[in-house]
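Reading through the structure tokens given below for one structure.
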Amino acid sequence: MIDTLPAVLLWLVTAWRTPAAWRNASKRVLWSAFLALAVAMTLRVSSVAAPVDAALGVNNLSSLGKHLGGIVAAHSVLTFVHSMAEEKASGLKSSRLHLVVPSAAAAIITVLFFATPQPHEAVDLLTEYATDWRIAAYGGVWTAYLGAALFSASRLCWRWGRQPGTGLLGRGLRLTGIGTTIGIVYAVHRVAAVVLRSLGQSPLPASMSEAISGLLLFSALLFIVTGSTLPAAGRLLRWSREYRDLLQLYALWLSLTEAVPSVRLDPPRRRTSELLYPRHVHDRLYRRTIEIRDAVLTLSDHAPGSLRDQAHAHVAASGLIGAQADIAAEACWIIGAQNSRQRNEPSSGEPLPPASGGRDLPSEIHALKQLARAYDSDLTRTFAAELDLAQTLETTQ
Numbered sequence: 001m002i003d004t005l006p007a008v009l010l011w012l013v014t015a016w017r018t019p020a021a022w023r024n025a026s027k028r029v030l031w032s033a034f035l036a037l038a039v040a041m042t043l044r045v046s047s048v049a050a051p052v053d054a055a056l057g058v059n060n061l062s063s064l065g066k067h068l069g070g071i072v073a074a075h076s077v078l079t080f081v082h083s084m085a086e087e088k089a090s091g092l093k094s095s096r097l098h099l100v101v102p103s104a105a106a107a108i109i110t111v112l113f114f115a116t117p118q119p120h121e122a123v124d125l126l127t128e129y130a131t132d133w134r135i136a137a138y139g140g141v142w143t144a145y146l147g148a149a150l151f152s153a154s155r156l157c158w159r160w161g162r163q164p165g166t167g168l169l170g171r172g173l174r175l176t177g178i179g180t181t182i183g184i185v186y187a188v189h190r191v192a193a194v195v196l197r198s199l200g201q202s203p204l205p206a207s208m209s210e211a212i213s214g215l216l217l218f219s220a221l222l223f224i225v226t227g228s229t230l231p232a233a234g235r236l237l238r239w240s241r242e243y244r245d246l247l248q249l250y251a252l253w254l255s256l257t258e259a260v261p262s263v264r265l266d267p268p269r270r271r272t273s274e275l276l277y278p279r280h281v282h283d284r285l286y287r288r289t290i291e292i293r294d295a296v297l298t299l300s301d302h303a304p305g306s307l308r309d310q311a312h313a314h315v316a317a318s319g320l321i322g323a324q325a326d327i328a329a330e331a332c333w334i335i336g337a338q339n340s341r342q343r344n345e346p347s348s349g350e351p352l353p354p355a356s357g358g359r360d361l362p363s364e365i366h367a368l369k370q371l372a373r374a375y376d377s378d379l380t381r382t383f384a385a386e387l388d389l390a391q392t393l394e395t396t397q
């Protein structure tokens, strides 16, 4: 279970980032890092590695696959951190390993792997075959590149992550820096294991050495995944807040735009469709506030002073005072104006500005949510019933 958890986590993160990487080329570097790590950690699971090697007829081929995945991931993480440092901190100069370096490292370990006789499947390729100079060189090249890339990434993370005013991005870089630093410890451990085994020394069994490597690797991955996704937490929080606001305004918006359909830009969706469509939330919310206000402005032309006075008197009788009373009165005369418009009664020619509103989008949304609650209250329904009763009595007389 402990072996499969990192792989599952990485595949989930990769799947989560796939749509954004598909739409935005600048996000593909980090996505490729998670994809490479997901492949590497999957091939690290013995129940996956052994069947893959058996199916392909090459002992330990899965080990080569996971090491190549590690090279791709290290280069991608380094490129991502370097790009972020250059973009966010002008004047922060750094160097990164060119693409030719990881390509050369990958080519060298591939040649050394296939040049080495491997009669049996190994629990840990680097330690069990360390007495063969080719595998020792293989391990040296792989860990040297991994250590150099992680050192460069760690240096950038710690330098830029401490810059003032970086917010969640700075915290994310510091967490990523912790992860890459642990990755350096992992690389040092692997080098020590390979060197000791090549000298004929084995202070730890191969299985225990592999367990230590796994613990270091999992810890590094946990910090890197957390750090790289932390900057998205703010966007996710903002999205969830706007998504909630969009749904809270749905009933008011639907009712008002049914009375004034000309203000709608697009045909209305069912509430279920609204619930299940998570894209373009900010734009939809912005449009919804405009359409609600346009509908209220149109309906205000059907709200003469007498109707507004009735609404204020009805609200005052309930004991409400202050701003809440103004909002409740607005909800009452809006529903009265809706009924008047639906009966095709002539307009009063007295459009007035709304009683509530905001100077920017957040305050406007807050005001409209208050209006939506008042519109859906028993107080407003009672006022509408009184208007209907008065209209019925007037009609029968």
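Just so you know, full-length UniProt numbering puts 93 at position 93 of the sequence shown, and the rest follows in order with no gaps. Glycine included, every Cβ here is placed at the ideal spot set by N, Cα and C. This one's a predicted model, so the numbers in the text were calculated from it and none came from an experiment.
- The DSSP-derived three-state label of Asp326 is helix.
- Only exposed fits Ala115, as fewer than 16 other CB atoms lie within 10 angstroms of its CB.
- Note on Leu199: under 16 other CB atoms within 10 angstroms of its CB, so exposed under the neighbour-count rule.
- Counting the other Cβ atoms within 10 Å of the Cβ of Val188 gives fewer than 16, which makes it exposed.
- Here Leu175 is not near Ala233, since their CB atoms are 9 Å or more apart.
- Taking all protein chains shown into account, Pro278 has fewer than 16 neighbouring C-beta atoms within 10 Å of its C-beta and is therefore exposed.
- In the three-state reduction of the DSSP assignment, Tyr129 falls in the coil class.
- Taking the C-beta atoms as reference points, Ala73 is found nearer than 9 Å to Phe34.
- At the C-beta level, Phe383 and Gly319 stay beyond 9 Å of one another.
- A Cβ-Cβ separation of about 5 Å places Ile178 in contact with Phe223 under the 8 Å criterion.
- Note that the segment 137-147 touches the segment 62-77; at least 3 beta-carbon pairs, one per stretch, sit closer than 8 Å.
- Between the alpha carbons of Phe151 and Leu126 lies a gap of roughly 22 Å.
- Around the beta-carbon of His280, fewer than 16 other beta-carbon atoms lie within 10 Å, marking it exposed.
- When rounded, the separation of the alpha-carbon atoms in Asp245 and Gly170 is 29 Å.
- One thing to note: Ala259 has its Cβ within 9 Å of the Cβ of Leu299.
- By the 16-neighbour rule on beta-carbons within 10 angstroms, Glu210 is buried.
- Put simply, of Leu275, Ile292, Ala107 the residue whose alpha carbon is nearest the alpha carbon of Leu265 is Ile292.
- Assigned with DSSP and collapsed to three states, Ala303 falls in coil, not helix or strand.
- In the three-state DSSP reduction, Leu371 falls in the helix class (H, G or I).
- Under the DSSP assignment, Gly319 falls outside any alpha helix (DSSP H); it carries neither an H nor an E label.
- In this structure, the alpha-carbon of Arg44 lies about 59 Å from that of Pro261.
- In this structure Leu10 touches Ala38 by the C-beta definition: roughly 4 Å separates them, less than 8 Å.
- When DSSP states are grouped into helix, strand and coil, Val48 belongs to the helix group.
- Using a Cβ-Cβ distance cut-off of 8 Å, the segment 307-325 and the segment 280-290 are not in contact, since fewer than three pairs of beta carbons, one from each stretch, lie closer than that value.
- Per DSSP, Tyr277 is not a residue of any alpha helix (DSSP H), being assigned neither H nor E.
- The segment 371-379 makes contact with the segment 329-345; the number of CB pairs closer than 8 Å reaches 3 or more.
- DSSP places Val58 outside both helix and strand once states are collapsed to three, so it counts as coil.
- Residue state for Gly200 is assigned as coil, using DSSP reduced to three classes.
- Rounded to the nearest angstrom, the gap between the Cα atoms of Glu274 and Arg343 is 30 Å.
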